[in-house]
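Enquirer: My numbering puts the first residue of the sequence shown at 784, with every later residue one more than the last.
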Amino acid sequence: MTIIVTLRELHRILRQLADLRGRLAQGPRIVAAGEANVAKREEELRVAKEGSMRTRVLCNEKEVQLKQREGHIADTQRRLNACSSNREYQALVEQIAADEQANSVLSDEILEMLDKITAEKEKVIEIEGLLVQARQDLDKQRERVASERQSLEQEVARLSAELSSTERDVPAESRADYDRAVKGRGEEALAALEGDCCGGCYQRVTPQSINELKLGRVVFCKSCGRILYLLEDTRPFGG
Ligand SMILES: [Zn+2]
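1) What do you get for Glu-903, buried or exposed, if any count of 16 or more other CB atoms within 10 angstroms of its CB means buried?
2) Compute every distance between the C-beta of Gln-991 and the non-hydrogen atoms of ligand 1, then say whether any falls below 7 Å.
3) Quick check on the DSSP output: the alpha helix (DSSP H) that includes Leu-946 runs from which residue to which?
4) Measure the Cβ-Cβ separation of Leu-921 and Glu-818 and say whether it is below 8 Å.
5) Look up Arg-987 in the DSSP assignment and say whether it is helix, strand or coil.
6) Alpha carbon to alpha carbon, what distance is there between Thr-785 and Val-755?
7) Inspect the CB distances between the region 793-806 and the region 927-946 and report whether three or more fall short of 8 Å.
8) Verify whether the separation of the beta carbon atoms of Leu-1011 and Cys-981 is less than 8 Å.
9) Quick check: the Cα distance between Leu-790 and Arg-798, rounded to an integer number of angstroms?
10) Taking all protein chains shown into account, do 16 or more other C-beta atoms lie within 10 angstroms of the C-beta of Leu-1013, making it buried, or fewer, making it exposed?
11) For the pair the region 830-848 and the region 905-923, tell me if three or more CB-CB distances fall below 8 Å.
12) Leu-797 by DSSP, collapsed to three states: which one?
13) In the DSSP assignment, find the alpha helix (DSSP H) that holds Glu-977 and state where it starts and stops.
14) Answer yes or no: the CB of Gly-967 versus the heavy atoms of ligand 1, is any distance below 7 Å?
15) Rounded to whole angstroms, what's the CA-CA distance from Gln-919 to Leu-913? Just pull it up for me.
16) Can you check which of these residues, Gly-983, Lys-1005, Cys-984, is closest to Pro-990 by C-alpha distance?
In structure tokens:
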């Protein structure tokens, strides 16, 4: 392999490895997002159930209050029937009227609460459905990420081996520089020459550096320090 081809290959392998590692790193993030979604639905369900329970307790209390006041009205009615004084009679009539008025308000409140209980029950059922869906999604995500991880790891292993074997073609005198650059910057350690610019930082590369590149030397971009390579294997002497 000529150095030009070697560097081009190395950059391709390094980029693919970076992509694969990025996808590997994405897996746990996808699962974490799914877990967060399940946790969010669980919390929503807890809040909805609590709210629904509270409304039911409140509604029961109001129903008890209504019954008690109805009993009170019946008592007053009995006292009214047995009443002898006109003043007492008037007071009892007023009391009954007041109690009936209060119960009429209370009945309306209870009816409203019964509507609220129905709506809250529906909400709980809806959230339960969403939670089931979120858990199913999470299971599928876990499964998919696990199976993808296997094939991604195999691909990383294959490419890592290809990288090692291709790196053996880096000229000995440039190997230390190459290793240092790749260790520090990974796939960013290399850049293709695009026109007469570095494909990494887009600064102009001197004609002298381009000539050296074409002669098959290892050339670093003077602006960004990337190792440059040619996309086309065109050497000046038709070699
Ligand atoms: Zn550059």
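From the three backbone atoms N, C-alpha and C, an ideal C-beta is built for every residue, glycine too.
Expert: Well, looking at it:
1) Here residue 903 corresponds to residue number 120 of the sequence shown, with the count starting at 1. Label assigned to Glu-903: buried.
2) Numbered from its first residue, the sequence shown carries residue 991 at position 208. Result no, Cβ not under 7 Å from ligand 1.
3) For the purposes of this step, residue 946 is taken as residue 163 along the sequence shown, with counting starting at 1. Boundaries of the alpha helix (DSSP H) harbouring Leu-946: 869-950, taken from the DSSP string.
4) Position 138 of the sequence shown, counted from the first residue, corresponds to residue 921. Position 35 of the sequence shown, counted from the first residue, corresponds to residue 818. For Leu-921 and Glu-818, yes; Cβs fall inside 8 Å.
5) To locate residue 987, count along the sequence shown from 1; it is residue 204. Per DSSP, reduced to three states, the secondary structure at Arg-987 is strand.
6) The structure shown has nothing for residue 755, since the chain only spans 784 to 1022.
7) yes
8) Residue mapping note: residue 1011 aligns to position 228 of the sequence shown, counting from 1. Residue mapping note: residue 981 aligns to position 198 of the sequence shown, counting from 1. It is a contact, given that the beta carbons lie within the stated cut-off.
9) What you label residue 790 is simply residue 7 of the sequence shown in a count that begins at 1. What you label residue 798 is simply residue 15 of the sequence shown in a count that begins at 1. Their backbone Cα atoms lie some 12 Å apart in a straight line.
10) Residue mapping note: residue 1013 aligns to position 230 of the sequence shown, counting from 1. Buried: at least 16 other Cβ atoms inside 10 Å.
11) yes
12) As a first step, residue 797 must be located in the sequence shown, where it is residue number 14. Three-state result, Leu-797: helix.
13) In the sequence shown, the residue the question calls residue 977 occupies position 194. Counting along the chain, Glu-977 falls outside any alpha helix (DSSP H), though it belongs to the beta strand (DSSP E) covering 973-977.
14) Stepping through the sequence shown from its first residue, residue 967 is reached at position 184. No, Cβ of Gly-967 sits at least 7 Å from all heavy atoms of ligand 1.
15) Residue mapping note: residue 919 aligns to position 136 of the sequence shown, counting from 1. Residue mapping note: residue 913 aligns to position 130 of the sequence shown, counting from 1. Looking at the two C-alpha atoms, the distance is approximately 10 Å.
16) In the sequence shown, the residue the question calls residue 990 occupies position 207. Of Gly-983, Lys-1005, Cys-984, the residue nearest in Cα terms is Lys-1005.
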